[in-house]
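Down below is the structure, laid out as C-alpha cells.
Chains as they are written, first to last, in this note's numbering: chain A, 4 to 381; chain B, 2 to 214.
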C-alpha cells in the first residue's frame with residue numbers, strides 16, 4: 004500500500020472513528036457535473052469509456068480530492084440500451100440525464116413474490132422492464148456488462164495506483180434495504196405510498212424475506228472479507244426512506260438498517276450511510292449507536308444540528324450548491340472553514356448534493372475550496 | 002342521519018374504507034348531502050395537514066390522502082353544486098418548472114389546495130416560463146405556485162419570475178415557490194413573494210392572497 008494511499012485511507016478511517024486528525028478529509032460527491040466541466044458532451048461521455056476515463060482523470064488533476072464516491076461509473080446506459088430499455092433520457096440542451104420512473108409490479112403480487120422471488124423477477128419484473136428483449140439482446144447486454152466491469156475495475160486501479168486515492172467502498176459490500184427496491188425500482192413513489200396502508204403486512208413479509216436471503220448474507224460475507232483498504236466497510240444510500248414517517252420508518256426500514264449497524268459494531272466495521280433529503284426526524288433511532296462506526300452523509304439537514312443531536316456519529320456533507328454555484332471563492336472558503344472549525348473531529352468535508360447540474364458549482368469556487376481544505380489544519 | 006364529524010375524522014385518519022363507504026351511502030341516498038360530505042372531507046384534509054405538521058404523518062401519507070380525496074371528489078362530483086356564489090373559486094396556477102420532472106410534491110399541494118376550495122390549473126411538469134405567463138395573462142390568474150426538486154429548478158424559477166417582469170405583469174401576481182432546494186435565500190435569488198417547505202404553508206399563504214383579491 005503506497006504511503007500516500009495509506010495516509011488518506013487512515014485519515015478517513017480515523018475521522019469515522021471520531022479521532023483527532025491532522026486535517027479534514029475531502030470526499031467528492033460529484034456526478035454528472037464532472038462531464039459538464041469537461042470538453043465532452045453528456046452523450047459522448049456516457050457512451051465512450053475512454054472519454055469518461057479522460058474527463059475523470061482531468062477532474063482529479065484539477066481538484067485533487069482525497070477520495071471519490073463516483074468514478075464515472077454511474078448510469079451504465081450502454082448495458083440497458085442493449086436491452087431496449089429507453090429508461091435514461093439524455094437532454095443535451097438542458098444538460099440533464101433523467102431516469103424515467105416505471106412501475107413494474109402490481110400491489111396484488113406481493114404473495115407471488117414471497118413464494119418464489121427469483122421466478123417472480125424473471126417471469127414478471129424483467130419482461131415488464133424490457134418487453135422487447137430477445138436472446139441475442141440479452142447476450143449482447145451480458146457482454147457489455149462484462150466490458151463495464153472491466154471499465155469499473157480500470158477506473159478503481161487508476162485512482163488507487165496512480166493517484167493513491169482509496170476507493171470508498173467495495174461494490175460487493177453495498178447494502179440495499181428492501182424498501183428501496185420497491186420505492187426505486189418496482190412500485191414507484193405513489194405505488195409504495197398506497198401499499199404502506201393497503202398491503203402493509205405483505206410488504207413486511209416480502210421485506211423480511213429479501214433481507215434474510217439477500218441483503219444480510221451479502222453483508223455478512225463482505226464483513227468476513229478484508230475491506231480495510233476502503234474508506235468504509237459497507238455503504239448504503241437512503242432514498243425511499245424520505246417519504247416515511249418515524250412510525251413507518253421503524254416498521255418498514257429501521258429493523259434492517261439496525262441489524263447491519265449491529266453487525267458492523269460487533270465486527271468493528273464502518274457503515275457509510277448517504278441520507279438523501281432529511282433524516283433528523285429519525286435521529287432518536289441513531290442516538291444509541293456506539294461511537295465510531297457510522298458515517299451519516301447529509302443532504303438537506305442542518306449539519307450543525309445533526310452534530311449536536313448525534314455526537315456519536317461521523318457526519319459528512321455541508322458544502323452547499325448555493326455557495327459553490329452562486330457564491331464567490333472567498334464566501335466558499337470562509338464557509339468551508341466554518342464547517343471544519345465548528346464540526347471538529349468526526350467530520351468528512353464533502354458536498355451536500357449529488358453534484359449534477361451546471362449551476363451546482365463554479366470551477367473557480369471548487370478549486371479555491373479544495374486548495375483550502377487540503378492545507379487547513381485546525 | 003349522516004354523521005359528518007365521523008366522516009371528517011375518518012378522512013383525517015386516512016381510513017379509506019370508512020370514507021368510501023360513507024360517500025357511497027350519501028350518493029345511494031340521492032346525493033342531497035354531497036356538499037356537506039365534501040365539506041367534511043375538506044375538514045378531514047385539514048386534520049391530515051395538522052398531522053403532517055406534528056410529524057405524525059409524512060409524505061407517503063400525503064400522497065395517500067391526495068388519492069383518497071380524488072376518489073371522494075369522483076364519487077360526489079355529479080351531485081355537487083356547480084357555479085353560483087358557493088361554487089365561485091379562486092383560480093391559481095401550479096406547475097413544476099422547466100427542466101424538472103418531479104410532480105409528487107406538486108400533486109400533494111394540488112390536492113390540498115383543491116380541498117381548500119381553489120380551482121387549480123395544473124400545467125404539469127417541465128413547464129417553460131412563457132407557458133406560465135401566457136396562462137396567467139390569458140385567464141387573469143394572479144396566484145402562481147412553482148414547484149421543483151432539483152437544484153436546476155432554482156434557475157427555472159428565476160427565469161419564470163423574470164418572464165412575468167418582462168411581460169409587465171409582475172406587480173399584479175403573487176408567486177410562491179416550493180420544493181427541496183427552496184429556502185429564504187433561494188426565494189430572494191428567484192424574486193418570488195413567498196416560499197414554502199410544507200403544503201400547509203403553501204395553502205395558508207395562497208388563502209391569504211386569495212382573500213385580498
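Beta carbons: idealized from backbone N, C-alpha and C, even for Gly.
For residue 133(B), the closest Cβ of chain A is not nearer than 9 Å. Secondary structure of residue 92(A) (DSSP, three-state): strand. For residue 22(A), same chain residues with a beta-carbon under 7 Å away, outside a window of 5 residues either side, are 348 in chain order. Residue 375(A) sits in a helix when the DSSP states are folded into three classes.
Between residue 226(A) and residue 218(A), the gap from beta carbon to beta carbon reaches 9 Å or more. Looking at 328(A), 362(A), 32(A), the one whose alpha-carbon comes closest to that of residue 319(A) is 32(A). The beta carbon of residue 197(A) falls within 9 Å of a beta carbon belonging to chain B, placing the residue at that interface. Residue 209(B) is not a Cβ neighbour of residue 178(B), given a cutoff of 9 Å.
Listed along the chain, the chain A residues whose CB falls inside 9 Å of the CB of residue 57(B) are 248, 249, 250. For residue 192(B), there are no neighbours in chain A by C-beta distance under 9 Å, as the nearest C-beta there is about 14 Å away.
Counting along the chain, no beta strand (DSSP E) covers residue 15(A); the unbroken alpha helix (DSSP H) around it starts and ends at 6–19. Of 358(A), 362(A), 84(A), 374(A), the smallest CA-CA separation from residue 75(A) is found for 358(A).
For residue 110(B), the closest Cβ of chain A is not nearer than 9 Å. Taken atom to atom, the span from the alpha-carbon of residue 331(A) to that of residue 366(A) is near 11 Å. For residue 102(B), the chain A residues whose C-beta falls within less than 7 Å of its own C-beta are 101, listed in chain order. The alpha-carbon separation between residue 354(A) and residue 171(B) amounts to approximately 35 Å. Annotation note: the stretch 109–154 of chain B contains the following uninterrupted alpha helix (DSSP H) runs of length 4 or greater, listed N- to C-terminal: 130–139.
For residue 358(A), the beta-bridge partners assigned by DSSP are 33(A). Taking 3 residues as the minimum length, the beta strand (DSSP E) runs contained wholly in the stretch 311–365 of chain A are 317–322, 350–354, in order along the chain.
Contact check between the stretch 46–53 of chain A and the stretch 267–282 of chain A: fewer than three CB pairs, one atom from each, fall below 8 Å, which does not count as touching. For residue 64(A), the enclosing alpha helix (DSSP H) has its first and last residue at 52–66.
Non-local C-beta neighbours of residue 11(A) in its own chain, meaning closer than 8 Å and more than five positions away in sequence, comprise 28, 69, 70, 167, 168, 169, ordered along the chain.
Taking 7 Å as the Cβ-Cβ cut-off, the stretch 60–79 of chain B approaches chain A at 60, 61, 62, 64, 65, 68, given in chain order. By the neighbour-count criterion, in which 16 or more other beta carbons inside 10 Å mark a residue as buried, residue 26(B) falls on the exposed side. Interface flag for residue 328(A) against chain B is set, since a Cβ pair is found closer than 9 Å. Residue-level contact check: residue 186(B) touches chain A, since one or more beta carbons of chain A fall below 9 Å from its beta carbon. A distance of 9 Å or more separates the beta carbons of residue 34(B) and residue 75(B). For residue 179(B), the pairing in a beta bridge is given by DSSP as 148(B), 197(B). Rounded to whole angstroms, the Cβ separation of residue 96(B) and residue 123(B) is 7 Å, and the two are in contact under 8 Å.
With distances taken between CA atoms, residue 51(A) lies nearest to 82(A) out of 65(A), 64(A), 82(A).
Between residue 67(B) and residue 39(B), the C-beta spacing is not below 9 Å.
Judged by DSSP secondary structure, residue 151(A) falls within the alpha helix (DSSP H) whose first and last residues are 138–160.
Secondary structure of residue 277(A) (DSSP, three-state): strand. For the 9 Å CB-CB criterion, residue 324(A) and residue 362(A) form a contact. Scanning its chain for C-beta atoms nearer than 8 Å, with the 5 sequence neighbours on each side dropped, one finds around residue 222(A) the residues 176, 178, 237, 263, 266, in chain order. Scanning chain B for C-beta atoms nearer than 7 Å to the C-beta of residue 324(A) yields 152, reported in chain order.
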